[in-house]
Amino acid sequence: MKVVLVHDWLTGMRGGERVLEEIAGMFPDAELFTLVHVPGSTSARIDALRVTASPLSRLPGVARHYRKLLPLFPAAIERLRLPPCDLVLSTSHAVAKAVRPPRGARHLAYVFTPMRYVWDQADAYLGRGLRRAASAPLAAWLRRFDRRTSGPERIQRVVAISRVVADRIRRAWGRDASVVYPPVDVDRFAPRPAGADDFYLVVGGFVPYKREDLALRAFAALGRPLVVAGDGPLRRRLEAAAPRSARFVGRVGDAALADLYARCRALVYPQEEDFGIVALEAQAAGRPVIAFGRGGATETVVPLGDAGGRAPTGVFFAEQTPAALAAAVQRFERDADRFDPAAIRAHAERFAPERFRAELRAEIAAAIGDGPASAT
């Protein structure tokens, strides 16, 4: 079976690229198409594929400013010309799922989320007031594009990364989606025999919805040590607003990140995620998660006081406010002896890559036999 992969852009190694890396291991002979490719920005396994990028990738400064090209993405993705193949497998949080499959090919879209810029998180990205009003025509046009390119004539099977995203797909596109949770490479992480150090950890991409600002304000009030790992467009603003108890360490490598997970008291997870691989990576290292209790965290973290009686792997807070997050940290500290690193690790192992590969192959088999192939 000849497989062609399509991914939105290749500019760094984030959660979506971790999933793509696993898929690349499943299909090492596949060709990979994308809008923007920054060589060396992902992993050796992804770089080993034959990558074809759109003409946008040749624009000066695109590696830093590709997000500003959002109005050009729809035309660019639809103009990609894929070679003859049996299966197109797109991994999409923006426009990759809108690619035109070659004639006779089936298309399975593995969807991280419908385009969050124009749907449920438009305020975070487009702002409010005059800025939102100025962006409204673009957002409306992108929503129409998103719906138009999500029908069964272009995508034979839709697979969501979580139940939260499946519900969002139903609302945005009017389509049902099955669910396959992303893989977590649990073997990269391990609990620390010596126990935790005296700091909390935030790992983020420094974009609006990640809400690192919320963690900084909460920890300014608490006075607790906070290590902030990652990089992104908001870094300078966040550093300027950070309390003395916060320490920014930038983007760290895999080994350094695993060490931070294992040594932190808990991961602080203030955002609403579609799934949230970072939360499971921390749990694979045996560390609890203090999370906003909405979105993907409700599927990946077992909260203290779980009605099912399961061993807790974290604490939820109900509102995205500094006070609510600070109260959750204090609750965690009061009940810290109720968190067992071995039980937390065992929970994360349920999301191991072997499970992902088996479930995705079952979805591919269904896509190959599910309805007519693309005629375009």
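Residues in the sequence shown are numbered from 43 upward in steps of one, following this note's numbering.
All C-beta atoms in this analysis are idealised placements derived from N, C-alpha and C, irrespective of residue type, glycine included.
Owing to the predicted nature of the structure, the values given are computational and were not obtained by experimental measurement.
Exercise for review: Can you give me the start and stop residues for the alpha helix (DSSP H) that residue 303 sits inside?
Suggested key: 296 to 305
Check your understanding: With 16 as the cutoff for other CB atoms within 10 Å, does residue 188 come out buried or exposed?
Key -> buried
Practice item. Return the first residue and the last residue of the beta strand (DSSP E) that residue 135 is part of. Key: It is not in any beta strand (DSSP E) - residue 135 carries neither H nor E in the DSSP assignment.
Review point. Apart from the five residues on each side of it in sequence, which residues of its chain come closer than 7 angstroms, Cβ to Cβ, to residue 355?
Key: 325, 330, 331, 343, 344, 386, 389
Review point. What are the partner residues of residue 345, as DSSP defines its beta bridges?
Key: 356
Review point. So, helix, strand or coil for residue 251, using DSSP?
Key: helix
**Study point:** Cβ separation of residue 367 and residue 312, assumed to be a contact under 8 angstroms, to the nearest whole Å
**Key:** 6 angstroms
Practice item. Output the boundary residues of the beta strand (DSSP E) element that contains residue 50. Key: 45 to 52
Check your understanding: Rounded to whole angstroms, how far is the Cβ of residue 200 from the Cβ of residue 124, which I believe are closer than 8 angstroms?
Key -> Incorrect: roughly 19 angstroms between the Cβ atoms, too far for contact.
**Study point:** Of the residues 236, 43, 197, the one placed nearest residue 138, counting alpha carbons only
**Key:** 197
Review point. Curious, which full-length alpha helix (DSSP H) runs of at least 4 residues does the segment 74 to 135 contain?
Key: 86 to 89, 104 to 107, 115 to 120
Check your understanding: Rounded to the nearest angstrom, how far is the Cβ of residue 104 from that of residue 119, given a contact under 8 angstroms?
Key -> Actually they do not touch by this definition, with Cβ atoms about 15 angstroms apart.
Exercise for review: Can you give me the start and stop residues for the beta strand (DSSP E) that residue 199 sits inside?
Suggested key: 199 to 202
Practice item. Could you tell me the boundaries of the alpha helix (DSSP H) in which residue 217 lies? Key: Unbroken run through residue 217: none, as it is neither H nor E.
Exercise for review: On a CA-only basis, which of 236, 237, 78, 149 is nearest residue 194? Give me that one, please.
Suggested key: 149
Exercise for review: Count the C-beta pairs between the segment 65 to 75 and the segment 91 to 102 that are closer than 8 angstroms, then say yes if the count reaches three, no if not.
Suggested key: yes
Practice item. Select from 258, 291, 157, 382 the residue whose C-alpha is nearest the C-alpha of residue 116. Key: 157
Exercise for review: Could you tell me the boundaries of the beta strand (DSSP E) in which residue 289 lies?
Suggested key: 288 to 292
Review point. Would you call the CB atoms of residue 337 and residue 315 closer than 8 angstroms?
Key: yes
Practice item. Give me the Cβ distance between residue 268 and residue 244, rounded to the nearest whole Å; I'm assuming they're in contact under 8 angstroms. Key: 6 angstroms
Check your understanding: Leaving out five residues before and five after residue 87 in sequence, what residues of the same chain have Cβ atoms less than 7 angstroms from its Cβ?
Key -> 63, 66, 67
**Study point:** Those residues which DSSP pairs with residue 334 across a bridge
**Key:** 359
Check your understanding: Relative to the C-alpha of residue 221, which residue among 99, 83, 372, 212 is closest?
Key -> 212
Practice item. Report buried or exposed for residue 145, applying the criterion of at least 16 other Cβ atoms within 10 angstroms of its Cβ. Key: exposed
Review point. Residue 396 to residue 291, Cα distance in whole Å?
Key: 32 angstroms
Exercise for review: For residue 280, name the three-state secondary structure that DSSP assigns.
Suggested key: helix
Check your understanding: With 16 as the cutoff for other CB atoms within 10 Å, does residue 360 come out buried or exposed?
Key -> exposed
Check your understanding: Less than 8 angstroms separating the beta-carbons of residue 241 and residue 306?
Key -> yes
**Study point:** Start and end residues, alpha helix (DSSP H) containing residue 320
**Key:** 319 to 326
Exercise for review: Report the partner residues of residue 246 according to the DSSP bridge assignment.
Suggested key: 272
Review point. For the candidate residues 203, 234, 227, 228, whose alpha-carbon lies nearest to that of residue 219?
Key: 203
Exercise for review: Would you kindly check if the distance between the Cβ of residue 99 and the Cβ of residue 54 is under 8 angstroms?
Suggested key: no
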